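Colleague: Next up is a structure, given as structure tokens.
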Amino acid sequence: MTPLHIVSNRALDVVPATMLRAPTTVVAASLHDVTRALTAQAARPPSSPIAIDLVGHSTSAHQLLRLGSTVIDALDLAVFRFFEAIGRSGILRDINAVCLRLLGCETATSACGVRTMRLLSSVLAIPVYGSRKRLSRTHHTAQGFNPIFRHVLVDATGDVPPAELT
6 MTPLHIVSNR ALDVVPATML RAPTTVVAAS LHDVTRALTA QAARPPSSPI
56 AIDLVGHSTS AHQLLRLGST VIDALDLAVF RFFEAIGRSG ILRDINAVCL
106 RLLGCETATS ACGVRTMRLL SSVLAIPVYG SRKRLSRTHH TAQGFNPIFR
156 HVLVDATGDV PPAELT
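If you're matching positions, the sequence shown starts at 6 in our numbering and goes up one per residue.
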């Protein structure tokens with residue numbers, strides 16, 4: 006599986022520099038940059054299944070992923086509508102996206118995080134995974150999230166991603 010890394014401009018410290026130089030990595034300061042990354046991916050020839058990785062720090066209160074200055078909280082109407090528009094657009098199907106991974110510390114541990122994962126999965130029509138542990142630079146390689154740590158990722162029901170999604 007090919008990952009598309011969308012790394013928060015405020016979390017460059019959690020990924021290796023080699024990953025930041027990869028052609029499948031986009032540094033994002035806003036949700037607009039997520040759209041830009043998905044559109045650029047759609048312009049490439051069709052590929053194998055893709056995991057979309059949003060990489061950033063999580064908020065301290067609710068462990069919600071922060072992408073630039075935006076907190077990925079599905080109860081925030083602007084955030085929800087943004088992801089809803091992506092789901093309706095068909096771009097995830099066009100790029101062969103099979104999951105979204107919220108790669109920040111403990112993004113699957115709070116009620117807010119699980120609710121966000123569940124709502125995003127519903128509007129995107131793909132599984133959404135978060136982390137049940139703290140993540141650091143050691144969890145990533147030049148190619149992205151290290152598959153040996155797939156056991157720290159879970160969906161809203163607590164299931165780990167199948168091997169083909171890591």
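From the three backbone atoms N, C-alpha and C, an ideal C-beta is built for every residue, glycine too. As the structure is a prediction and not an experimental result, all values here were calculated from the model.
Quick one: using the 10 Å Cβ neighbour count with 16 as the cut-off for buried, is Ser13 buried or exposed?
Modeller: Answer is buried; the Cβ neighbour count reaches 16.
Colleague: Grouping DSSP H, G and I as helix and E and B as strand, with all else coil, what is Gly135?
Modeller: Strand, per DSSP.
Colleague: From the DSSP output, which residues share a beta bridge with Ile96?
Modeller: BP columns for Ile96 are empty, so no partner.
Colleague: Report all residues from its chain with a CB closer than 8 Å to the CB of Ile55; omit the five preceding and five following residues, and keep chain order.
Modeller: Result list for Ile55: Met6, Thr7, Pro8, Leu9, Gln46, Ile100, Asn101, Ala102 and Val103, in chain order.
Colleague: Give me the residue from Met24, Thr75, Pro51 and Pro167 with the minimum Cα distance to Tyr134.
Modeller: Nearest of Met24, Thr75, Pro51 and Pro167 to Tyr134, Cα basis: Pro167.
Colleague: What's the gap between the Cα of Ser35 and the Cα of Arg106?
Modeller: In a straight line, the C-alpha of Ser35 is about 17 Å away from that of Arg106.
Colleague: Would you call Leu80 buried or exposed, if buried means 16 or more other Cβ atoms sit within 10 Å of its Cβ?
Modeller: Exposed is the call here.
Colleague: Give the DSSP bridge partners of Pro84, in chain order.
Modeller: Checking the sequence, you will find Val at residue 84 rather than Pro. Answer by DSSP bridge pairing: none, since Val84 is not bridged.
Colleague: Looking at the secondary structure, which residues open and close the alpha helix (DSSP H) in which Cys110 lies?
Modeller: Neither: Cys110 is in no alpha helix (DSSP H) and is coded neither H nor E.
Colleague: Say whether the region 151-166 touches the region 14-24, bearing in mind that this needs 3 or more beta-carbon pairs closer than 8 Å, one atom from each stretch.
Modeller: Contact between the region 151-166 and the region 14-24 is absent, because fewer than three Cβ pairs lie under 8 Å.
Colleague: When you compare the region 63-74 with the region 86-98, are there three or more beta-carbon pairs, one atom per stretch, that lie closer than 8 Å?
Modeller: No, because fewer than three Cβ pairs between the region 63-74 and the region 86-98 fall closer than 8 Å, the two stretches do not touch.
Colleague: Going by DSSP, what residues sit across from Asp18 in a beta bridge?
Modeller: Beta-bridge pairing links Asp18 to no other residue.
Colleague: Using only CA atoms, which one of Thr121, Arg98 and Ser126 lies nearest to Ser53?
Modeller: With distances taken between Cα atoms, Ser53 lies closest to Arg98.
Colleague: Sorted by chain position, which residues of the same chain lie with C-beta nearer than 7 Å to Ser141's C-beta, five sequence neighbours on each side aside?
Modeller: Around Ser141: Val19.
Colleague: When the distance is taken between beta carbons, is Ala42 closer than 8 Å to Ala33?
Modeller: Contact: yes.
Colleague: Considering just the uninterrupted stretch of the beta strand (DSSP E) at Val31, what are its terminal residues?
Modeller: Element bounds for Val31: Thr30 to Ala33.
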